[in-house]
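Below is one structure; the comments refer to it alone.
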Amino acid sequence: MELIFDAALAPATRSTLGKTISFRRKLLGLTREKLAALANINLRDVICIEAGESPHIDDYILLIRGMDGDIFVRWNT
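Be aware that the sequence shown starts at 419, since it is given in the working numbering, and climbs by one per residue.
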């Protein structure tokens, strides 16, 4: 099942996701330019996402998928 939504992320979440994506990109030996090509987005967006500056989760998902990553969601109740 695929979910499509445009949810805004809290600043702390954006920062954590951005740092995680940057760390993973470096582990994979990818440049920002190469990741942008893999995710089919522009370089400026990669830079903003890694800096935690994009408020929308869809942007982060594009980069995670560009690195063949999986996304898991846990709901806190």
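Just so you know, even glycine gets a beta-carbon here, dropped at the ideal spot from N, CA and C.
Note that this is a predicted model, so its numbers are computed, not measured.
Under a 10 Å Cβ-count criterion, L446 is classified as exposed, with fewer than 16 other Cβ atoms of the shown protein chains found around its own Cβ.
Burial check for D476: the Cβ neighbour count within 10 Å stays below 16, so the residue is exposed. Of all alpha-carbon atoms in N460, E468 and M485, the one lying nearest the alpha-carbon of S433 is that of E468. A direct Cα-to-Cα measurement between A457 and S440 gives close to 14 Å. Cα atoms of T449 and G484: separation of roughly 12 Å, rounded to the nearest angstrom.
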